[in-house]
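Read through the structure below, which is laid out as structure tokens, and then see the notes.
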Amino acid sequence: MTHFTNYSELSAYMDRLGLFHMDLTLDRMHAVWEKRGIPEVPVVHVVGTNGKGSTSAFLCSLARAHGVKVGMFTSPHFVTPRERVQINRAMLSHEKWVELANELLAIPGADSLTYFEFQTSLAMLAFERNKVQLAIMEAGLGGDYDATNVFSPFLTLYTPIGMDHVEILGPTLVDIARDKAGAIHHGGTVITGPQEGEVMNELQARARDVGARFMFSVDIAEPVKEPLGLDGIHQSTNAQLGLAGWRWYAAGQEVRSLPETERFGLKSAFLPGRMQSVELNGQTVILDGAHNGHAFEALTAALRSKGVRPSAVIFACLGDKDAGPIIPQLLALTDGPIVIPQMQNDRAGDPDGLAAKIGDRARTADSMQAALASCEDMEGPVLVCGSLYLLAEFYSLYPEFLTSQR
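The opening residue of the sequence shown carries number 1 in the UniProt record's numbering; numbering runs sequentially from there.
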């Protein structure tokens, strides 16, 4: 049986599992947790394409503001896997990770879990051990076969569903919606934010089939007003969904939700890489994880609403991502250059190939640091977007911005 004596050994083990290795079945997760027994932790499952992290952050902040001990599992991470599992927005120590990993791998069959399954399972053990009153579980890319779907939630929140991961979830919006609708459990409760008509049809059909209660965020929470902890006009939708989820939880747990405390919770939410503005060597750098058409629409609207037009954009994406559909949106963000750094990632796209698709305004750089240096003389803000993995390279250089706006 695998047993770790320090975090370095655990880190090497997780690396061997492979960050990007996927095997979309829940057989392993069901087998492990049937042997272990699923913890009695109140779970809110956050599912969708865009806005999952932001909605989770708003819900977490609202819970903390009301004195509720909350665990949160999100993905991907930027610098360390420890970012994925937080208790009251604090990462666990290296020692706690080792203890939890050893506890997990003592369960028969746990050594067969994939990277994401391992992380998901470790998170649930952490939430049980720390006696959280609320566990927020952000789904990965899907719903039906997502590892987070093993833990029957008392509430499922749906953020906007759009076109993404088509090579895995299917080529049409209906295919993607149908997969994500698989996260709706028998007799469960669903709250959704705004959706395309065909997406809403799939979610409602699944809810009817399994006898789940289906509600809309607008029926539980009024439109939220600024200030919000996360920038961007699209964040009002995420905040409203988070607030609806919080109010449903509070009512069920007989927790008194106070208007002034709600406002404080929404204002205090923080999540790196979502319209995050930082000052670097006297220059404003805007960090946003937009990586698909829907997210680029939100990013464009957010910049426009703030009267911001970047002087340059640093952009990159993974090699298996078809950047073609978002290139017109990318070019419309700035009149300046599009700088494409070589990402230090096995799945990184080819900068020269991407530059050829973008056209005359594209130029390449050897690294994120080189890309930033090439923009130092720009007078206006520099935008970094296109991939959370690109942002990870920025945070590796400047980790202080992972926990602070500036």
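Glycine included, C-beta positions come from ideal geometry on N, C-alpha and C.
TODO: Leaving out five residues on either side along the sequence, give the residues of the same chain with a beta carbon under 6 angstroms from the beta carbon of Val313.
DONE: Residues of the same chain with a CB within less than 6 angstroms of the CB of Val313, apart from the 5 flanking positions on each side, are Leu333, Thr334, Ile338, Leu383 in chain order.
Task: the segment 251–264 / the segment 371–385 touching (three or more Cβ pairs under 8 angstroms) - done: At 8 angstroms Cβ cutoff, the stretches do not touch.
Task: Beta bridge counterpart(s) of Ile233 as assigned by DSSP - done: In DSSP, Ile233 forms no bridge with anything.
Open item on the list: I'd like to check one pair, Thr156 with Ala183: are the Cβ atoms closer than 9 angstroms?
Closed with: yes
Open item on the list: Can you list, in chain order, the residues of its chain with a C-beta nearer than 8 angstroms to that of Phe78? Leave out the 5 residues immediately preceding and following it.
Closed with: Correct list, in chain order: Pro272, Gly273, Leu388, Leu391, Ala392, Tyr395, Ser396, Leu402.
Task: Contact check, Cys375 vs Ser311, beta carbons under 9 angstroms - done: yes
- [ ] Throw me the rounded Cβ distance for the Gln161 and Trp248 pair, which I believe falls under 8 angstroms.
- [x] Position check: residue 161 holds Ile in this sequence, whereas Gln was assumed. Between Trp248 and Ile161 the Cβ distance is about 20 angstroms, and since that is not below 8 angstroms, they are no contact.
Task: Beta-ladder partner(s) of residue 428, from DSSP - done: Missing from the structure shown is residue 428; the chain here goes from 1 to 406 and no further.
Task: Segment limits, beta strand (DSSP E) that includes Phe315 - done: Segment 312–315, the beta strand (DSSP E) holding Phe315.
Open item on the list: Pull the bridge partners of Thr189 from the DSSP assignment, please.
Closed with: Arg213
TODO: Below 6 angstroms CB to CB, which residues in the same chain sit around Ala147 once its five sequence neighbours on both sides are set aside?
DONE: Met29, Phe116, Glu117, Thr120
Task: Start-end ranges of the beta strand (DSSP E) lying completely within the segment 132–214, minimum 3 residues - done: 134–138, 155–158, 189–192
- [ ] Taking Leu230 and Ala57 to be in contact with their CB atoms under 8 angstroms, please state how far apart those CB atoms are, rounded to whole angstroms.
- [x] Yes, they are in contact, since the Cβ atoms of Leu230 and Ala57 sit about 7 angstroms apart, within 8 angstroms.
Open item on the list: Runs of 3 residues minimum, wholly inside the segment 26–107: which ones carry the beta strand (DSSP E) assignment?
Closed with: 43–47, 70–73, 85–87
Task: C-beta contact flag for Phe127 and Phe73 at 9 angstroms - done: yes
Open item on the list: Taking DSSP's pairing of strands, which residues face Thr284 in a bridge?
Closed with: Glu279
- [ ] Using a threshold of 9 angstroms, state whether the C-beta atoms of Gly51 and Thr159 are closer than that.
- [x] yes
Task: Secondary structure of residue 424, DSSP reduced to three states - done: Residue 424 lies beyond the residue range present for the chain, which begins at 1 and ends at 406; the question has no answer from this structure.
Open item on the list: Tell me the residue span of the alpha helix (DSSP H) that contains Ala371.
Closed with: 368–374
Task: Minimum C-alpha distance to Glu123 - residue among Thr189, Ser75, Thr237 - done: Here residue 123 turns out to be Ala, not Glu, going by the sequence shown. Here the closest residue by C-alpha is Ser75.
Open item on the list: Tell me which residues share the same chain as Gly245 and place their Cβ nearer than 7 angstroms to its Cβ, disregarding the 5 neighbours each side in the sequence.
Closed with: Spatial neighbours of Gly245 in its own chain (CB-CB distance under 7 angstroms, excluding positions within 5 residues in sequence) are listed in chain order as Val44, Leu59, Leu155, Leu157, Ile191.
- [ ] Determine the burial state of Ala356: buried for a count of at least 16 other Cβ atoms within 10 Å of its Cβ, exposed for fewer.
- [x] exposed
Open item on the list: Does Leu258 pass the burial test, meaning 16 or more other C-beta atoms within 10 Å, or should it be called exposed?
Closed with: exposed
Open item on the list: Per the DSSP calculation, Ile338 is bridged to which residue(s)?
Closed with: Val313, Ala362
Open item on the list: Just to confirm my understanding: we take Gly211, look at its own chain, exclude 5 residues before and 5 after, and list those with CB closer than 7 angstroms. What are they?
Closed with: His186, Gly187
Task: Cβ shell of Ser268 (< 7 angstroms), same chain only, five flanking positions each side left out - done: Ser61, Ala65, Gly229
Open item on the list: Rounded to the nearest angstrom, what separates Leu331 and Gly359 at their Cα positions?
Closed with: 9 angstroms
Task: Range covered by the alpha helix (DSSP H) that runs through residue 412 - done: Look at the range of the chain in this structure, 1 to 406, and you will see that residue 412 is not part of it.
Open item on the list: Output needed for Leu10: all residues of its chain with C-beta closer than 7 angstroms, excluding positions within five of it in sequence on either side, in chain order.
Closed with: Phe4, Trp97, Val98, Ala101
Task: Beta-carbon proximity list for Gly18, same chain, < 7 angstroms, skipping 5 on both sides - done: Cβ neighbours of Gly18 beyond the five flanking positions: Tyr115.
Open item on the list: Taking 8 angstroms as the limit between beta carbons, can you name the residues of its chain near Arg406, skipping five residues before and five after?
Closed with: With a pLDDT of 45 at Arg406, under the threshold of 50, the predicted position of this residue should be treated as unreliable, though the coordinate-derived value follows. Ser277, Val278, Glu279, listed in sequence order.
TODO: Note down the Cα distance separating Thr364 from Leu125, rounded to an integer number of angstroms.
DONE: Their Cα atoms are separated by approximately 44 angstroms.
- [ ] Starting from Val384, follow its DSSP beta bridges and name the residues at the other end.
- [x] Leu287, Ile314
Open item on the list: Using the three-state DSSP reduction, which class does Ala221 fall into: helix, strand or coil?
Closed with: coil
Open item on the list: Can you tell me whether Asp15 is buried or exposed? The criterion is at least 16 other CB atoms within 10 Å of its CB, across all chains shown.
Closed with: exposed
Open item on the list: For the pair the segment 297–309 and the segment 339–354, tell me if three or more CB-CB distances fall below 8 angstroms.
Closed with: Result no; under three Cβ-Cβ pairs closer than 8 angstroms.
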